[in-house]
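Throughout the sequence shown, residue numbering follows the working numbering, covering 4 to 413 in sequence. Comments concern the structure below.
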Amino acid sequence: MRVLLVGSGGREHALAVALARSPQLDKLYAAPGNPGMAAIAECHNIHADDIDGLVAFAQQNAIDLVVPGPEASLVAGLTDACAQANIACAGPTKAASHLEGSKAFTKEIANAAGIPTAVWQRFDTDKELALDYIRKHGAPIVIKADGLAGGKGVVVAQTVGEAEKAVHDLGLPLVIEECLIGKEVSLFAFCADENAVLIGAARDHKRVGDGDTGPNTGGMGAICPPPDFDRDAQEKALDITVRPMLAEMKRRGTPFRGVIFAGLMLTDAGPKLIEYNVRFGDPEAQALLIRLKSDLLPILKNLASGHLSQENIIFSEEPSIALVLAAKGYPNAPLKGGIITGVDRADSLPGVQVFQAGTKIENDHLVANGGRVLTVCATAKTAEKARSRAYEAAATIQWKDKMLRSDIGV
C-alpha cells in the first residue's frame with residue numbers, strides 16, 4: 004500500500020514508525036513531516052490544513068490510504084475531500100470532527116446520550132453574561148475556548164479573578180463548566196459507526212512545570228497505562244462515555260469512524276467526560292504506539308472502510324512513559340535555533356525511542372524549531388524501570404534551551 008501520513012509532530016513520527024514496520028507498506032509519504040520522519044518517509048512540504056494540496060498529492064501519487072495526524076486536517080474536512088476523490092482516509096468526516104471542533108457540541112452530544120459530564124453553559128456573544136455566571140458560581144471553575152486551541156484553550160481557574168481573566172484572554176465563544184474533582188485519564192478507541200474497540204489509556208501531564216504548575220500545554224509527558232485505570236475499568240468507561248456517543252452520532256446522521264480520544268475525570272461517582280478529541284493525543288500516542296505489537300496499517304485501512312477486528316489489535320503488557328523535551332519559553336514564546344545533540348545515542352538505548360516534533364535541519368545540524376521539540380519514550384517490565392530508562396535517555400540529549408519536567412510518572 005502507498006500511504007500518505009499527514010502532520011509533523013511527535014505523534015506523527017510515532018505513527019510513521021508503526022506504519023513503516025508493516026509488510027503491507029510499499030511507500031510512505033509524509034506531509035509536511037519532520038527530520039525524524041524523513042528517515043523512513045518521503046516528506047513533502049504540504050501543510051496539514053492544505054486540504055486541496057493534500058488531495059491533489061494523493062491523486063498524483065496513487066495513494067491508497069491517507070492517515071491524518073492532527074485535528075486541524077480533520078476539522079477542515081480532509082476525510083470528506085478524500086471521499087470525493089475516492090481515496091480512503093482513516094479519520095472522521097468534518098461533521099463528526101465537530102466533536103473536537105466545538106466544546107459546546109461535545110457537551111450537547113453528552114447530554115443527549117446520557118453521558119456523565121460536568122454542568123456547563125455556553126456563551127457566544129455577551130462577555131458580561133459569562134462574567135456574571137462566574138461570579139454566581141464561584142471558583143474553582145473551568146473556562147474553555149469553544150474551538151480548536153492546540154491543547155491550550157482550557158483554564159482551570161482557582162479564583163474568580165483567574166476565571167475573569169480567562170474570559171478576557173480566550174474571548175468568545177466559550178464554555179464555562181464546573182470543576183470536576185478526581186484524576187484525569189485519556190481513553191483511546193478505534194471506532195466505526197456504533198462499534199468501538201479499545202486501544203488503551205494513558206495519563207497526560209498538561210501543565211508546563213513540575214508539580215502540575217504553570218500554564219496548560221499540549222502535553223509535557225504521559226504514562227501508559229495509568230496505574231489506577233486497568234483494562235476492565237477502561238472497558239467499562241468505554242461503555243459509559245464512548246459507545247453512547249457513537250450511537251447518538253449515528254442517530255443524527257453523522258456516524259463516527261476513526262480514533263476517538265475521550266478525556267475523562269475519574270471521580271468518586273465514576274468516570275465523567277471532560278472532552279472528546281478525534282485523533283490520537285500527543286504525547287499519549289507516542290506512549291501507546293511504542294507498545295503496539297500488531298500491524299497498524301491494515302487496522303487503519305479497515306477502519307477507513309468501517310471495519311473493526313478486536314483480535315488484530317495487540318499491545319505489549321509492558322508499561323511505557325513519554326517525556327516531552329520542550330524549548331524554554333514554551334508554551335508562550337519558545338526559544339528556537341539551539342543545536343541538538345545526543346538524539347541517536349538516546350535512541351540506541353534499550354527500550355527507548357525518540358520521536359521528533361519541533362525540529363529542522365540547518366547547516367547539517369538538527370536544531371530546535373518549536374515548543375515541543377522531542378518526545379523520549381521508554382518501555383520496561385515495570386513503570387519504575389521505564390521511567391528510569393526515559394530520564395536516562397533524556398539526559399543524553401542536549402541543547403541550550405532544553406526544558407523538561409522531572410516528575411512525569413512519579
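By construction, the Cβ of each residue, glycine as well, lies at the ideal position given by its N, Cα and C atoms. All values reported here derive from a predicted model rather than from experimental measurement.
Extent of the continuous alpha helix (DSSP H) to which S76 belongs: Start and end: E74 to V78.
Inter-residue CB distance, V69 and L81 (contact presumed, cutoff 8 Å): Between L81 and V69 the Cβ distance is about 7 Å, and since that is below 8 Å, they are a contact.
Under 8 Å between C-beta atoms of Q359 and P38: With contacts defined by Cβ atoms closer than 8 Å, Q359 and P38 form a contacting pair.
Where the beta strand (DSSP E) containing P218 begins and where it ends: Element bounds for P218: T216 to N219.
Sheet register partners of K198 (DSSP bridge): A small fix is needed here, since residue 198 is Asn in this sequence, not Lys. Within the DSSP secondary-structure output, N198 pairs in a beta bridge with A195.
Length at least 4, wholly inside the segment 260 to 316: the alpha helix (DSSP H) runs in chain order: As far as the segment 260 to 316 is concerned, its whole alpha helix (DSSP H) runs of at least 4 residues are 287 to 292 and 299 to 307.
Beta-carbon proximity of K296 to F318, cut-off 8 Å: In this structure, F318 lies closer than 8 Å to K296 by Cβ.
Per-residue DSSP class, three states only, for P35: Here P35 sits in strand by DSSP.
CB of A325 within 8 Å of CB of G374, strictly: For A325 and G374, no; Cβs fall outside 8 Å.
contact_flag[the segment 387 to 395, the segment 38 to 54] where n(CB pairs < 8 Å) is 3 or more: At 8 Å Cβ cutoff, the stretches do not touch.
Within the segment 124 to 185, ranges of the alpha helix (DSSP H) (whole runs, at least 4 residues): As far as the segment 124 to 185 is concerned, its whole alpha helix (DSSP H) runs of at least 4 residues are 130 to 140 and 163 to 173.
Residue of G12, V211 and S409 minimising C-alpha distance to F283: Closest by alpha carbon: G12.
Spatially closest choice to K275 from L292, K304, D242 and P301, by CA coordinates: Residue D242 is the option with its Cα nearest to K275.
Segment contact, 8 Å Cβ cut-off, at least three pairs: the segment 190 to 197 with the segment 132 to 140: The segment 190 to 197 vs the segment 132 to 140: no contact.
Cβ-based burial, D285 [other Cβ within 10 Å; buried from 16]: So D285 ends up on the buried side.
Secondary structure of V413, DSSP reduced to three states: If DSSP states are grouped into helix, strand and coil, V413 belongs with coil.
Identified DSSP bridge partners for P334: DSSP lists no beta-bridge partner residue for P334.
Backbone secondary structure at I400 - three-state DSSP: Looking at I400 - three-state DSSP - the assignment turns out to be coil, as it is neither helix nor strand.
Close Cβ partners of L299 (< 7 Å) along its chain, the five nearest in sequence each way excluded: Here the set comprises A21, L22 and S25.
Selection from V357, V370 and G354 that minimises the alpha carbon distance to L338: Checking every option, the nearest Cα to that of L338 belongs to V370.
Outcome for A204 when other beta-carbon atoms lying within 10 angstroms are tallied against a minimum of 16: With a threshold of 16 other beta carbon atoms within 10 Å, A204 meets it and is buried.
Residue burial classification, E15 (beta-carbon count within 10 angstroms, cutoff 16): Using a 10 angstroms sphere on the CB of E15, the tally of other CB atoms reaches 16 or more, which defines it as buried.
G174 beta carbon less than 8 Å from that of S105: Against a cut-off of 8 Å, the Cβ pair of G174 and S105 comes out as no contact.
Start and end residues, beta strand (DSSP E) containing R254: From DSSP, R254 is part of no beta strand (DSSP E) but of the alpha helix (DSSP H) over R246 to R254.
Selected residue, minimal CA-CA separation from E320, among E287, P228 and Y333: It is P228.
F358, enclosing beta strand (DSSP E) - first and last residue: In the DSSP annotation of this structure, the continuous segment of the beta strand (DSSP E) that includes F358 starts and ends at V355 to Q359.
Closest residue to L77 among V178, I364, T244 and C92 (Cα-Cα distance): When C-alpha distances from L77 are compared across V178, I364, T244 and C92, the shortest belongs to C92.
Host beta strand (DSSP E) of T378 (start-end): Run containing T378: R375 to T382, per the beta strand (DSSP E) assignment.
First and last residue of the uninterrupted beta strand (DSSP E) at A93: Segment: none, A93 is in no beta strand (DSSP E) and carries neither H nor E.
Identity of the residues DSSP links to H368 by a beta bridge: Residue pairing of H368 in beta bridges, as defined by DSSP: E365.
For S11, three-class secondary structure by DSSP: Coil at S11, not helix or strand.
Alpha-carbon spacing of G340 relative to N372, whole angstroms: Near 6 Å, if we compare the C-alpha coordinates of N372 and G340.
Proximity to A250 [Cα-Cα], best of P230, V159, G214 and A99: With distances taken between Cα atoms, A250 lies closest to A99.
Distance, I343 Cα to E278 Cα: For E278 and I343, the distance between alpha carbons rounds to 35 Å.
Cβ neighbour criterion (16 or more within 10 Å) applied to R254: Exposure of R254 is indicated by the presence of fewer than 16 other C-beta atoms within 10 angstroms of its C-beta.
For I316 and P334, the rounded distance between their alpha carbons: For P334 and I316, the distance between alpha carbons rounds to 35 Å.
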